[in-house]
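Written below as structure tokens is the structure these notes are about.
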Amino acid sequence: MASDTHTGNSSAQRPSGAAAASEFAIELIKINKSFGPVHANKDIDLAIRRGSVHGIVGENGAGKSTLMSILYGFYTADSGEIRVDGTPHSITDSRHALALGIGMVHQHFMLVDNFSILENVVLGVEDNALLGPSLTRARKELVRLAKEYRLDVDPDAIIEDVSVGTQQRVEILKALYRGAEVLILDEPTGVLTPSEADDLFRVLNELRDQGKTIILITHKLREIMAITDYVSVMRQGEMVATLKTADTNPGEIAELMVGRRVLLRVEKGPATPGEVFLSVENLVVKDDLGITRVKDVSFTVRSGEIVGIAGVAGNGQSELLESVSGMRDQSSGTVRLKGHPLSLEGDDGAHRAREAGLAHVPEDRQRMGLVTAFEEWENAILGYQGDDAYGKGWILDIDAARAIARQRIEQFDIRPANERLKTANFSGGNQQKIVLAREMSSNPDVLIVGQPTRGVDIGAIEFIHNQIIKMRDAGKAILLVSVELDEIRSLADRILVMFDGHIVGEADPATATEGELGLMMAGISDKTAAAPAVAEGKTK
Amino acid sequence: MDLALILSTLDATLRLSTPLLLACLAGLYSERAGVFDIGLEGKMLAAAFGAAAVAAVTGNVWLGLLAGVAVSITTAAVQGAAAITLKGNQLIAGVAINMLAAGLTTFLGIQWFAQGGRTPQLAPGGRFQNLTLPFANELSGVPIIGPIYADLISGHNLLVYVAFLAVPVTWFVLYRTRFGLRLRAVGENPKAVDTAGISVTRLRYQAVLITGLLCGLAGAFFSIAQGSGFGNNMTAGKGFIALAALIFAKWKPVPAMLTCLLFGFLDALQIRLQNTDILGVQIPVQAIQALPYVLTVVLLAGFIGKAVGPKAGGVPYTKER
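Residue numbers (our numbering), protein chains in the order written: chain C, 481 to 1020; chain Z, 180 to 500.
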């Protein structure tokens, strides 16, 4: 409908004028940027074809976000040239970038939480000193954009009341309202549920079909394969390759990203389960709002095995994890460690669980696993600071603590290898290694791991997986919760599927197909599937 | 109580809430922009001194007002430089302003006028006179409405009207103008403002200077409108009460006015109750004088509920992550 007026068939139409000569919307030539000693971008060349979806992949810290921040004017390059529609520009700030038709959707949204969607869209591009006319015009424009790109939102909704997916739509609408022809999205699916992500991809396809150019920064190969036309790979600040997505495959991209062949499938020997280390009996847990999220759950984890809990996020896994690790009070039920009931109630439940030999890597490392404002060594002992190894009595033996932190840095290959660095300055993968190193070094009988590789790059994923398997082979019991089905399937020796607070089935990762697990996760399965034999019987 | 007594109490309420209201609105601009201002008291005190000193020397109330406002704006600019450009701690910057103002006003007062820190008594031309609104005398005979108009509404000095007029103006600025939208945004999420291509620094300075202007009016009210000269520490903690009112009002203009009226009313009541017996018992003056402050504590602790201020308040903005 409205699209007729805008574009005929995708990229064929270009803005008229001198600039239209170039087939590239954006060209970056020999871009360099350093932050102190860190050379974040080294001689980067990149050309983005108009009307395409161009993916930029790389591990955490490869320099993707820096490069895009330069294009968006948030940082200024030390040297190099930026061409927009073939014309060189030096982009000095984001306002300038916007004027050139470059819009960005940041990883952390740039929205004012207590403003309405309309106010957020208008902020910074008001027509004049009085707000009324701008708001009226924006409201009309939002309706038009909603029609053209199928981006429906309620203009009067307050940001903090709407879902993350909607907030992202607002960011896209903001960029479009400012006349963006090139849209940069930085890790857009990191915060989205799978269905929200699908919806985003639909919108991006729509935008491309209407002639917009999309730059997608991600480290998820699946997204690259699903939506991009071209893909550029960055590694340690350098641009290593630009490929046509149709001519490549995930294996090749992963190899380029890491610089060596990656085992996307974890290598592990068969499990040798021993005695029951962790047993959970008839556990019931409520969330903060008093809603029962874990409903009469029972299971066991044996020594020398990894039990994976699969499920769509929000089906009680988080509450289960928090309850068993002593962070959330249980309403009823028993948790036993090697046969002895654990008392996990109260504020120091997590501490008592640790003392009893149950270590916990929480799902959200930044909020629960680390104090990011602390130096690395402080986080390395956090929760264990009372141990005699870090000083007897009430004075901390700082030298000893730092020495131990240094050992672990080496052992777990934490980079940069500097225990005095603020934890916030480590990448996501290295932060996770800090938590993992701390919890594994306490030599627990039971290790509970939540989302071990969320937001972690491929090289670190492999390392973390291997460490978890090493723990298993050392005779520990491991309970793994992850929303990444691939991860559960490749790591776990036994899979429990959670749906709506219940464990609805058990499966053998060697035989169960993704489809079967998917059905169970969606709650579409016979009650009889709870028996492992039946679950296996259903496969093929 | 008869009408006359009620009216005179309410009349005192308006007068006593005026400096609170001006200071409270002053704080609102700054804090809505993300700069916590504990230095309202200091700016008011400095302005009160500046206004009285110039009014005393020149005998001109307008020059006095101008001086008070100029002093306050200058002080605000210094505070802004510390809190915005130098990214200092905003609380410390405010405390510093308070101490500086308390010390400097007394010191300069003694040096210049040699009256123990006071400024000379102002002549009538050196202070704001009470205004009689049109038809006040004519209407005073009409029952009920007459006295309300003539005694309560009419007969205040200019700054009282300015203070209450500033409420709708502030509301309009905040919610109906581009500047207000950006001001509110910069206090909540300065990074969003920065990425939208607006200068966070400039916005915050603008807000802090408006705070200075309003504090200047509040200070001038003390020394050249309500009083007739400057006395040591004459603002008497009103800047802190205004801050409490701002929190109580959840940083909104109309609730800010109502809260200031409430505090002003408590103050008026306190004066009224000073020489009365309750059931034949003479209540110590000090106990009654403490009443507004005690009630402030009770209100703030008990009734305010969850007061969530501007999210980015108190944090200097830095571009790097």
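In this text, a Cβ means the ideal position worked out from N, Cα and C, and glycines have one as well.
Among the residues facing chain Z, C/Val592 is included, as its CB has a counterpart in that chain under 8 Å away. Looking at the backbone, the Cα of Z/Val250 and that of Z/Ser196 are separated by about 22 Å. Boundaries of the alpha helix (DSSP H) harbouring Z/Val240: 240-259, taken from the DSSP string. In this structure, C/Asp573 is the residue among C/Asp573, C/Ile958, C/Gly535, C/Leu850 with its C-alpha nearest to the C-alpha of C/Tyr555. Secondary structure of C/Asn608 (DSSP, three-state): coil. Among the CB atoms of chain C, one or more fall inside 8 Å of the CB of Z/Asn368. If the five residues before and after Z/Ile276 are omitted, its C-beta is found closer than 7 Å to the C-beta atoms of Gly218, Gly221, Lys222, Thr254, Gln258, all from its own chain and listed in chain order. Under the three-pair Cβ rule at 8 Å, the stretch 451-463 of chain Z does not count as touching the stretch 194-208 of chain Z. In the DSSP assignment, C/Asp523 falls outside any alpha helix (DSSP H) and within the unbroken beta strand (DSSP E) covering 518-529. If you draw a straight line from the Cα of C/Pro613 to the Cα of C/Val537, it comes to about 42 Å.
The criterion of a C-beta distance shorter than 8 Å is not satisfied by Z/Leu440 and Z/His335. Annotation for C/Met548: no beta strand (DSSP E) segment contains it, though the alpha helix (DSSP H) segment containing it runs 544-551. The beta carbon of Z/Thr188 sits closer than 6 Å to the beta carbons of Ala447, Arg451 from its chain, once the five residues preceding and following it are set aside; these are given in chain order. When C-alpha distances from C/Ala880 are compared across C/Tyr870, C/Met920, C/Gln887, C/Arg888, the shortest belongs to C/Tyr870. Proximity of C/Arg688 to chain Z, defined by a Cβ-Cβ separation below 8 Å, is not satisfied.
The DSSP-derived three-state label of C/Pro613 is helix. Taken in chain order, the complete beta strand (DSSP E) segments of 3 residues or longer contained in the stretch 741-803 of chain C are 756-766, 772-782, 785-790. Taking C-alpha positions only, C/Ile511 is separated from C/Val765 by approximately 53 Å. Fully enclosed beta strand (DSSP E) runs of no fewer than 3 residues are not present anywhere in the stretch 191-226 of chain Z. Minimum Cα-Cα distance from C/Pro932 among the listed residues C/Pro924, C/Ser921, C/Leu916, C/Ala660 corresponds to C/Leu916.
For C/Asp666, no alpha helix (DSSP H) segment is defined; the enclosing uninterrupted segment is the beta strand (DSSP E) at 662-666. For the C-beta of Z/Leu207, not a single chain C residue is nearer than 9 Å; the gap to the nearest is close to 16 Å. Contact check between the stretch 757-777 of chain C and the stretch 981-993 of chain C: three or more CB pairs, one atom from each, fall below 8 Å, which counts as touching. Taking the Cα positions, Z/Ala227 is about 31 Å away from Z/Leu184.
Contact annotation: the stretch 900-910 of chain C does not touch the stretch 752-762 of chain C, with fewer than three C-beta pairs closer than 8 Å. Proximity to C/Ala527 across C/His831, C/Ile884, C/Glu855, C/Ala721 peaks at C/Ala721, based on C-alpha coordinates.
Contacts with chain C at 8 Å (Cβ-Cβ) do not include Z/Gly493. Contact annotation: C/Ile694 and C/Arg702 have beta-carbon atoms that are not nearer than 8 Å. In this structure C/Asn910 is buried. Its beta-carbon is surrounded by 16 or more other beta-carbon atoms within 10 angstroms. Within the model, the alpha-carbon separation for Z/Gly359 versus C/Arg934 is close to 40 Å.
Runs of the beta strand (DSSP E) lying entirely within the stretch 570-646 of chain C, each at least 3 residues long, are 582-585 in chain order.
Under the three-state reduction of DSSP, Z/Met413 is assigned to coil, being neither helix nor strand. Residue pairing from DSSP places C/Ala839 in a beta bridge opposite C/Leu927. Of Z/Gly305, Z/Ile263, Z/Ala424, the smallest CA-CA separation from Z/Arg381 is found for Z/Ile263. For C/Phe892, there is no enclosing alpha helix (DSSP H), as DSSP gives it neither H nor E. A residue is called buried when at least 16 other Cβ atoms come within 10 angstroms of its Cβ; Z/Met278 does not meet this threshold and is exposed.
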